[in-house]
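Take a look at the structure set out below.
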Amino acid sequence: MKRLIILLVAAATVAVIGTMAFGDTAIGGNSASLQPVVRWSVSGWIILYIPHSDMTVDLGTIDGNLYDPETGTWTPLVSSTKNAYVFANRTYTLTLSAASTGTETADLTRFEVKGGDLTAFTPLDSDQTMATGGAGITHIDDIQYEYIPSFDDAPGDYAVTVTYTVTAP
1 MKRLIILLVA AATVAVIGTM AFGDTAIGGN SASLQPVVRW SVSGWIILYI
51 PHSDMTVDLG TIDGNLYDPE TGTWTPLVSS TKNAYVFANR TYTLTLSAAS
101 TGTETADLTR FEVKGGDLTA FTPLDSDQTM ATGGAGITHI DDIQYEYIPS
151 FDDAPGDYAV TVTYTVTAP
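According to our numbering, the sequence shown is numbered sequentially starting from 1.
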């Protein structure tokens with residue numbers, strides 16, 4: 001029992017001395033002040049946002065009405081403008097890539113996109129940089145998809161999955 005009391009007194013003494021050793025005290029007659037330091041960390045972050053209404057795009061149907069026999073040219077299928085947003089606290093690059101995912105294989109040299117830094121329709125048969133930027137909000141509001149028909153397009157359903165990727169250096 002005596003050992004228990006000694007142990008409790010020793011623990012209480014260590015706790016009181018420890019608190020005094022690691023704390024600050026200000027004592028004064030008319031005022032007292034202390035200046036605690038408040039700290040936090042910030043991670044680098046990027047948010048890519050595409051509105052739900054812009055996640056599925058129907059370009060329409062290719063038929064004979066799109067071909068002009070007098071000029072020998074096709075009228076492309078073109079989407080309305082779409083949007084993408086990048087929110088970031090660092091520099092970034094937004095790239096696009098495409099993969100044919102329909103029951104028929106789309107010719108990606110004739111599947112094109114424009115918007116952001118891509119000021120003219122550009123084939124998505126290889127990765128393309130749509131935007132680069134820094135901290136803040138970037139709204140790309142002029143994205144359009146285009147498919148140029150051809151006699152090589154077999155009847156069937158075509159789909160292309162476009163992957164938007166934002167990376168930081």
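Heads up, the beta-carbon is just placed ideally off N, CA and C, and yes, glycines get one too.
Note that the structure is a prediction, hence the values are computed from the model and not measured.
What residues in its chain sit with their C-beta under 6 Å from that of residue i, if we drop five residues either side in the sequence?
{"i": "residue 127", "result": "95, 97"}
{"i": "residue 139", "result": "85"}
{"i": "residue 166", "result": "46, 48, 86, 92, 94"}
{"i": "residue 161", "result": "99, 101"}
When you compare the CB positions of residue i and residue j, do they come within less than 7 Å of one another, or not?
{"i": "residue 147", "j": "residue 77", "result": "yes"}
{"i": "residue 89", "j": "residue 45", "result": "yes"}
{"i": "residue 157", "j": "residue 83", "result": "no"}
{"i": "residue 169", "j": "residue 66", "result": "no"}
Looking only at its own chain, which residues have a Cβ that is under 7 Å from the Cβ of residue i, when we skip the five neighbours before and after it?
{"i": "residue 79", "result": "57, 59, 144, 145"}
{"i": "residue 51", "result": "83"}
Return the CA-CA distance between residue i and residue j, expressed in angstroms with no decimal places.
{"i": "residue 124", "j": "residue 36", "result": "55 Å"}
{"i": "residue 111", "j": "residue 122", "result": "8 Å"}
{"i": "residue 151", "j": "residue 113", "result": "21 Å"}
{"i": "residue 81", "j": "residue 108", "result": "20 Å"}
Using DSSP with H/G/I as helix, E/B as strand and the rest coil, what is residue i?
{"i": "residue 108", "result": "coil"}
Around the Cβ of residue i, are there at least 16 other Cβ atoms within 10 angstroms (buried) or fewer (exposed)?
{"i": "residue 130", "result": "buried"}
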